[in-house]
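Heads up: the structure comes next, in structure tokens.
There are 4 protein chains.
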Amino acid sequence: MSGPRLLAFAASFRRNSWNRKLITLAADLAREGGADVDLADFREFDMPLYDGDVQAEPGIPPGAEEMARRVAAVDGIVIASPEYNFSMPGTLKNAIDWVSRVKPMPFRGKTGFLLAASNGQVGGIRGLWQLRIPLEGLGVTLHPDMYALPWASKAFGPDGRLVEQERLDRLRVMIQRYLEMARKLAGGTALNPTTGS
Amino acid sequence: MSGPRLLAFAASFRRNSWNRKLITLAADLAREGGADVDLADFREFDMPLYDGDVQAEPGIPPGAEEMARRVAAVDGIVIASPEYNFSMPGTLKNAIDWVSRVKPMPFRGKTGFLLAASNGQVGGIRGLWQLRIPLEGLGVTLHPDMYALPWASKAFGPDGRLVEQERLDRLRVMIQRYLEMARKLAGGTALNPTTGS
Amino acid sequence: MSGPRLLAFAASFRRNSWNRKLITLAADLAREGGADVDLADFREFDMPLYDGDVQAEPGIPPGAEEMARRVAAVDGIVIASPEYNFSMPGTLKNAIDWVSRVKPMPFRGKTGFLLAASNGQVGGIRGLWQLRIPLEGLGVTLHPDMYALPWASKAFGPDGRLVEQERLDRLRVMIQRYLEMARKLAGGTALNPTTGS
Amino acid sequence: MSGPRLLAFAASFRRNSWNRKLITLAADLAREGGADVDLADFREFDMPLYDGDVQAEPGIPPGAEEMARRVAAVDGIVIASPEYNFSMPGTLKNAIDWVSRVKPMPFRGKTGFLLAASNGQVGGIRGLWQLRIPLEGLGVTLHPDMYALPWASKAFGPDGRLVEQERLDRLRVMIQRYLEMARKLAGGTALNPTTGS
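Residue numbers (this note's numbering), protein chains in the order written: chain A, 214 to 410; chain B, 214 to 410; chain C, 214 to 410; chain D, 214 to 410.
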């Protein structure tokens with residue numbers, strides 16, 4: 214049985230983003246678990262701020278079309294996202310807003326797993342709770358567990374793994390659980406009004 | 214292939230609760246879809262207000278133990294809940310608080326589907342968004358779609374079905390989708406620290 | 214100029230609750246700042262689980278009537294609340310649900326300040342974000358700052374003050390700011406449909 | 214006594230945005246109530262997607278500096294915001310994210326009032342609940358009442374007022390209440406660590 218196909222990215226444009234390091238590690242662990250992972254750079258999905266007039270003419274921007282294509286091609290999405298001001302980054306919400314306008318809307322029926330790294334003690338988990346809302350509203354079945362990495366500046370070793378073995382093991386187990394869910398739900402379960410079944 | 218085992222209840226003590234009518238219909242539709250449904254009356258889970266001193270001595274109350282047993286025995290939980298003051302009912306959160314103290318904690322690894330009936334136009338969906346938080350935090354994989362029934366006083370026919378065929382069809386399809394998810398995920402995918410895999 | 218009248222309580226029935234210690238300290242600091250504080254024990258507001266049939270007959274229970282009277286008599290409410298399962302305690306939401314049915318509904322036009330103590334590192338702040346929703350929905354103007362006390366078991370000295378001077382100063386300043394807001398807004402600003410202005 | 218100074222804008226770039234019409238009306242009503250209103254076009258605050266590397270070099274973009282200046286110059290902010298995907302628009306969150314990096318951070322100590330227009334029956338209120346989180350987290354004291362305008366395409370008359378007198382009266386009263394709060398709290402009450410009192 215082949216593993217699930219996943220799209221993974223960090224919702225940060227910053228070159229030295231902790232979430233970039235975390236998603237790279239998560240993608241490695243997912244591949245070790247049998248997944249076929251498309252690890253994207255958030256810059257590949259660069260797009261303007263959402264504007265209904267732009268959507269009408271000239272239409273959905275290329276970066277959003279690209280993200281929609283890459284979401285449509287997989288069974289699940291894995292996002293490592295920083296927390297900005299107690300919520301998700303505007304940049305990530307903007308990408309979700311554009312992609313939600315693409316027909317057929319690609320998020321519906323996908324599974325998802327969320328992670329956050331921060332250099333404080335809370336680890337960005339509050340932002341992920343806000344991020345669940347648009348994703349679930351768009352029909353993504355999110356794994357209930359979320360992985361938050363606090364004190365990120367001291368967390369990674371030179372090999373990109375986590376220095377603390379216990380944290381690494383916990384992340385590996387969470388990803389294994391998510392892969393199991395992504396495999397079982399591949400094909401989707403959310404309501405699709407056009408097929409009706 | 215046998216259908217999933219489900220526990221279904223309305224989070225209301227009121228005899229003529231719209232959510233009671235809605236969960237009865239949802240249970241019927243789930244049975245028609247092959248599920249084995251334990252339709253409970255919320256009064257069977259009557260318990261005092263949570264008190265840490267009571268938990269210490271004399272211990273978890275019988276109503277919470279009963280609810281924990283019934284949750285532990287199924288693959289998924291289906292809850293129809295009213296919205297009180299823009300959030301979930303305190304009564305339902307109180308039951309979750311007590312049951313979350315039972316060892317082993319029975320919510321982890323279950324799936325869930327949420328519904329709400331109200332006699333206004335919003336249909337109680339805002340309360341369900343708040344209800345997702347403790348359930349997902351406790352390890353329940355919730356179906357992304359939620360069913361909200363507005364104007365409940367005019368919605369039900371004498372047979373307990375919905376008068377509007379379109380609404381009934383939409384509920385049936387949502388439940389079919391949830392049953393598919395509940396069947397595929399039976400056995401659980403959330404992280405269980407004690408087994409570690 | 215006289216200080217604002219405040220009702221303060223911890224949303225916990227437990228005798229040795231950290232939130233009880235925290236609200237006692239907060240009430241002391243508020244009195245030092247000129248407030249007239251009614252420090253209540255949550256047990257004074259003991260009431261059954263909300264049941265619409267009970268509300269209809271025999272009516273609002275005495276504990277809810279008592280809480281409504283005490284809320285109605287003040288300019289603002291100060292609540293120290295534990296976090297249960299990533300949200301507010303069911304017990305506190307149950308009290309809000311009952312009191313919201315009392316006419317005239319006493320929360321409207323009040324100000325409020327929220328605190329949380331926990332014995333972990335997050336300090337209960339996630340639960341307070343959920344608690345804001347019903348209170349604001351009912352017309353309470355909440356101070357934007359919230360005070361979260363982590364590692365509560367080591368935080369208090371024998372005099373009930375906080376061992377770390379910096380934490381104590383921060384709490385004192387927050388309370389002074391809230392008192393200023395409570396004083397300025399005494400009399401209420403939320404929409405009251407019956408008076409219309 | 215002079216009225217409060219307010220910054221008002223709709224969080225939409227679309228020329229025919231319903232929220233643009235709603236904020237124009239709200240600004241008119243606020244001026245009738247004595248406020249000094251700076252009615253801005255969201256396009257004046259155009260800025261790129263947030264990028265920590267851009268912030269480091271070349272720095273905060275002009276659109277964010279402009280918004281920060283305009284926020285800093287007033288007592289309160291009034292925002293009419295569409296709901297995108299059950300939450301706030303990514304564009305608005307992006308603006309908040311940039312402005313929150315300006316020193317001194319201009320949101321702290323301001324008051325705010327939120328509105329939403331939509332062409333459906335829910336009126337966008339769910340998005341406003343998510344929008345409260347970053348604003349309150351940044352120290353804005355938000356009025357508890359929020360104004361949601363459903364079925365916006367039929368709501369406005371040719372004079373820009375609301376066709377239904379009752380809706381218009383309700384909006385006028387809410388704004389009067391907010392003006393009262395904005396006047397009383399002008400000068401700020403949120404904690405400012407640099408002044409300490």
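Backbone N, C-alpha and C fix where the C-beta goes; we use that ideal spot for every residue, glycine too.
Can you confirm whether residue i, when its beta carbon is compared against all beta carbons of chain B, has any partner nearer than 8 angstroms?
| i | result |
| --- | --- |
| R339 of chain D | yes |
| D358 of chain A | yes |
| K234 of chain A | no |
| G276 of chain C | no |
| L384 of chain A | no |
| L252 of chain A | no |
| R374 of chain C | no |
In the DSSP assignment, find the alpha helix (DSSP H) that holds residue i and state where it starts and stops.
| i | result |
| --- | --- |
| V291 of chain D | Element bounds for V291 of chain D: not the alpha helix (DSSP H) but the beta strand (DSSP E), 289 to 293. |
| D254 of chain C | D254 of chain C -> no alpha helix (DSSP H), and no H or E assigned at all. |
| A239 of chain B | 231 to 245 |
| A221 of chain A | No alpha helix (DSSP H) holds A221 of chain A; the beta strand (DSSP E) holding it covers 218 to 223. |
| Y391 of chain B | 378 to 398 |
| I273 of chain A | Segment: none, I273 of chain A is in no alpha helix (DSSP H) and carries neither H nor E. |
| E349 of chain B | 338 to 350 |
| D310 of chain B | 303 to 312 |
Measuring straight from C-alpha to C-alpha, what distance separates residue i and residue j?
| i | j | result |
| --- | --- | --- |
| L362 of chain D | G336 of chain D | 5 angstroms |
| T408 of chain A | V386 of chain B | Confidence is the limiting factor: at T408 of chain A the pLDDT is only 36, short of 50, which leaves the residue's position unreliable, though a coordinate-based value still follows. Roughly 10 angstroms between the two C-alpha positions. |
| I346 of chain D | I309 of chain C | 21 angstroms |
| W231 of chain A | R383 of chain B | 43 angstroms |
| K306 of chain B | F222 of chain B | 14 angstroms |
| L351 of chain A | L242 of chain C | 47 angstroms |
| E296 of chain A | R380 of chain A | 20 angstroms |
| I338 of chain C | F369 of chain B | 41 angstroms |
| L375 of chain A | E349 of chain B | 26 angstroms |
| P319 of chain B | R282 of chain B | 8 angstroms |
| M280 of chain A | K323 of chain A | 14 angstroms |
| Q425 of chain B | A224 of chain B | The structure shown has nothing for residue 425 of chain B, since chain B only spans 214 to 410. |
| L392 of chain C | G246 of chain C | 7 angstroms |
| T354 of chain D | G303 of chain A | 21 angstroms |
| H356 of chain A | L219 of chain A | 14 angstroms |
| G216 of chain B | R396 of chain B | 6 angstroms |
| D259 of chain D | D372 of chain D | 29 angstroms |
| L398 of chain B | M301 of chain A | 29 angstroms |
| P406 of chain B | G400 of chain B | Caution applies to P406 of chain B, whose pLDDT of 43 falls short of 50 and renders its modelled position unreliable; the value that the coordinates give is listed next. Between P406 of chain B and G400 of chain B, the C-alpha separation is close to 15 angstroms. |
Kindly examine the ligand ZN and report whether one of its heavy atoms sits closer than 7 angstroms to the Cβ of residue i.
| i | result |
| --- | --- |
| S225 of chain B | Among the components modelled here there is no ligand, and therefore nothing to report on the ligand ZN. |
From which residue to which residue does the beta strand (DSSP E) around residue i run?
| i | result |
| --- | --- |
| A361 of chain D | 360 to 362 |
| A330 of chain B | 324 to 330 |
With 8 angstroms set as the bound, which would you pick, yes or no: does the beta-carbon of residue i sit closer than that to a beta-carbon of chain C?
| i | result |
| --- | --- |
| G409 of chain D | Caution applies to G409 of chain D, whose pLDDT of 32 falls short of 50 and renders its modelled position unreliable; the value that the coordinates give is listed next. Yes, G409 of chain D lies at the interface with chain C (some Cβ there is under 8 angstroms from its Cβ). |
| P406 of chain A | Because the pLDDT of P406 of chain A is 43, which lies under 50, any placement of that residue in the model is unreliable, and the question is left without a value. |
| M301 of chain D | no |
| Q389 of chain B | no |
| K306 of chain B | yes |
Give the single residue among the options whose Cα lies nearest to the Cα of residue i.
| i | options | result |
| --- | --- | --- |
| A330 of chain C | C:P261, C:K397, C:I292 | C:I292 |
| R256 of chain A | A:W342, A:H356, A:R228 | A:R228 |
| M359 of chain A | A:G350, A:L341, A:A368 | A:L341 |
| S294 of chain D | D:F326, D:L398, D:L375, D:M318 | D:F326 |
| A240 of chain B | B:K397, B:T304, B:Q389 | B:Q389 |
| S313 of chain C | C:S366, C:R244, C:H356, C:E278 | C:E278 |
| L235 of chain A | A:A365, A:L398, A:P302, A:E393 | A:A365 |
| Q343 of chain B | B:S215, B:N298, B:D372 | B:N298 |
| N332 of chain D | D:K367, D:P302, D:H356, D:S215 | D:K367 |
Cβ of residue i less than 8 angstroms from any chain D Cβ?
| i | result |
| --- | --- |
| G352 of chain C | yes |
| Q334 of chain B | yes |
| I309 of chain C | no |
For residue i and chain A, any beta-carbon pair shorter than 8 angstroms?
| i | result |
| --- | --- |
| I346 of chain D | yes |
| L328 of chain B | no |
| L362 of chain D | no |
| L398 of chain B | yes |
Given 8 angstroms, three or more beta-carbon pairs between the region 282 to 292 of chain C and the region 249 to 260 of chain B
Put simply, the region 282 to 292 of chain C does not touch the region 249 to 260 of chain B. Fewer than three CB pairs are less than 8 angstroms apart.
Any contact between the region 261 to 271 of chain C and the region 271 to 279 of chain B? By contact I mean 3 or more CB pairs, one from each, below 8 angstroms.
no
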